[in-house]
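*Asks:*
Numbering (the UniProt record's numbering), first residue to last: 1 to 210.
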């Protein structure tokens with residue numbers, strides 16, 4: 001599962017919009033400048049100070065996503081955002097679905113058609129969720145374009161390796177372990193677990209991730 005430059009750029013766009021998963025560095029600024037982390041009207045903001053006396057800000061978004069901000073010694077704001085909803089980080093889930101869908105495509109087996117359809121339907125639902133709940137505008141076409149780009153790169157890489165080398169990859173290691181569990185899972189259970197993960201509207205984030 002190789003991520004291309006286009007994928008990284010898109011994920012970075014989403015993550016920066018909600019201040020997610022990475023620590024955002026900003027220039028030294030006055031105390032009321034916390035960078036470009038969105039604060040919608042539905043969010044609650046709490047200001048404070050840490051044990052060292054540095055300013056802190058905590059933004060709680062609808063659905064249980066929380067952004068924690070603090071200033072380092074130079075006054076630069078830093079940000080960490082995580083999903084505390086209990087339903088999992090949606091961007092992490094999306095990356096897992098994309099990776100598994102890629103593996104299903106290049107490690108094909110007879111009888112996988114129904115599973116591939118379920119994974120495609122699931123990824124479509126996740127993308128709808130991201131579009132509806134992202135704090136910065138993102139289109140479904142843009143999300144789908146990166147998925148197709150990744151899949152094409154995986155196919156091209158598999159073709160370069162050749163069928164024998166690809167068969168070894170698909171027959172052992174992480175690919176076999178992950179796909180084996182997926183193929184043995186109940187399709188109804190997969191649908192139900194995804195429905196539960198997407199049952200609470202909230203900003204899509206990648207942290208915490210498995």
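Where is the CB? At the ideal position from N, CA and C, for every residue including glycine.
Fair warning: this is a prediction, and the values are worked out from it, not measured in the lab.
Less than 8 Å between C-beta atoms, sequence neighbours within five positions excluded: which residues of the same chain meet that for residue 197?
*Replies:* As a working note, residue 197 is residue 197 in the chain shown. Cβ neighbours of residue 197 beyond the five flanking positions: 87, 88, 90 and 93.
*Asks:* Considering only the beta carbon of each residue, do residue 100 and residue 182 sit closer than 8 Å?
*Replies:* Along the chain shown, one-based indexing puts residue 100 at 100. Along the chain shown, one-based indexing puts residue 182 at 182. Yes, the pair counts as a contact, with Cβ atoms nearer than the cut-off.
*Asks:* Rounded to whole angstroms, what is the Cα-Cα separation between residue 140 and residue 199?
*Replies:* Sequence index remark: in the chain shown, residue 140 carries index 140 (1-based). Sequence index remark: in the chain shown, residue 199 carries index 199 (1-based). So the alpha carbons of these two residues sit roughly 19 Å apart.
*Asks:* Taking the alpha-carbon positions, what's the residue 208 to residue 83 distance?
*Replies:* Position 208 of the chain shown, counted from the start, is the residue given in the question as residue 208. Position 83 of the chain shown, counted from the start, is the residue given in the question as residue 83. Each residue's Cα considered, the two are about 7 Å apart.
*Asks:* Leaving aside the five residues before and after residue 25 along the sequence, list all residues of the same chain whose C-beta is less than 8 Å from its C-beta, in chain order.
*Replies:* Translated into the one-based positions of the chain shown, residue 25 becomes position 25. At residue 25 the pLDDT is 35, less than 50, meaning the model places this residue with poor confidence and gives no usable figure here.
*Asks:* Quick one: grab the DSSP three-state call for residue 137.
*Replies:* By one-based count along the chain shown, residue 137 stands at place 137. The answer is coil: DSSP assigns residue 137 none of H, G, I, E or B.
*Asks:* So the beta strand (DSSP E) residue 224 belongs to, where does it begin and stop?
*Replies:* Summary: the structure shown does not reach residue 224, with the chain confined to residues 1 through 210, and so no result is reported for it.
*Asks:* Is the region 100-120 in contact with the region 184-193, if contact means three or more CB pairs nearer than 8 Å?
*Replies:* Because the criterion of three Cβ pairs below 8 Å is met, the region 100-120 and the region 184-193 touch.
*Asks:* To the nearest angstrom, report how far apart residue 195 and residue 64 are at their CA atoms.
*Replies:* Taking the chain shown and counting its residues from 1, the one referred to as residue 195 is at position 195. Taking the chain shown and counting its residues from 1, the one referred to as residue 64 is at position 64. Those two C-alpha atoms are separated by around 17 Å.
*Asks:* Please determine, among 61, 41, 47 and 43, the residue with the shortest C-alpha to C-alpha distance to residue 33.
*Replies:* Numbered from 1 along the chain shown, position 33 holds the residue referred to as residue 33. Out of 61, 41, 47 and 43, 47 has the C-alpha closest to the C-alpha of residue 33.
*Asks:* Out of 178, 70 and 66, which has the shortest C-alpha to C-alpha gap to residue 107?
*Replies:* Residue 107 sits at position 107 when you count from the first residue of the chain shown. Checked all of 178, 70 and 66; the closest Cα to residue 107 is 178.
*Asks:* Which partner residues does residue 198 have in the DSSP bridge list?
*Replies:* Working through the chain shown from its first residue, we reach residue 198 at position 198. BP columns for residue 198 are empty, so no partner.
*Asks:* So the alpha helix (DSSP H) residue 185 belongs to, where does it begin and stop?
*Replies:* As a working note, residue 185 is residue 185 in the chain shown. Premise fails: residue 185 is in no alpha helix (DSSP H) and is neither H nor E.
*Asks:* Express the C-alpha separation of residue 36 and residue 28 in angstroms, rounding to a whole number.
*Replies:* Residue mapping note: residue 28 aligns to position 28 of the chain shown, counting from 1. Residue mapping note: residue 36 aligns to position 36 of the chain shown, counting from 1. For residue 28, the pLDDT reaches just 37, beneath the cut-off of 50, and the residue's location in the model is therefore unreliable, although a value from the coordinates is still provided. Each residue's Cα considered, the two are about 14 Å apart.
*Asks:* Determine the DSSP secondary structure at residue 205, reduced to helix, strand or coil.
*Replies:* As a working note, residue 205 is residue 205 in the chain shown. Residue 205 falls in the coil class under three-state DSSP.
*Asks:* Helix, strand or coil, according to DSSP, for residue 144 in the structure here?
*Replies:* As a first step, residue 144 must be located in the chain shown, where it is residue number 144. If DSSP states are grouped into helix, strand and coil, residue 144 belongs with the helices.
*Asks:* Using beta-carbon positions only, say whether residue 49 and residue 58 come within less than 8 Å of one another.
*Replies:* Sequence index remark: in the chain shown, residue 49 carries index 49 (1-based). Sequence index remark: in the chain shown, residue 58 carries index 58 (1-based). No. Outside cutoff.
*Asks:* Classify residue 256 as helix, strand or coil using the three-state DSSP reduction.
*Replies:* Within the shown structure, residues of the chain are numbered from 1 to 210, placing residue 256 beyond reach of any answer.
*Asks:* By how many angstroms is the C-alpha of residue 206 removed from the C-alpha of residue 132?
*Replies:* In the chain shown, counting from the first residue as 1, residue 132 sits at position 132. In the chain shown, counting from the first residue as 1, residue 206 sits at position 206. For residue 132 and residue 206, the distance between alpha carbons rounds to 16 Å.
*Asks:* Which residue comes first and which comes last in the alpha helix (DSSP H) that contains residue 166?
*Replies:* Position 166 of the chain shown, counting from 1, holds the residue named residue 166. Run containing residue 166: 163-171, per the alpha helix (DSSP H) assignment.
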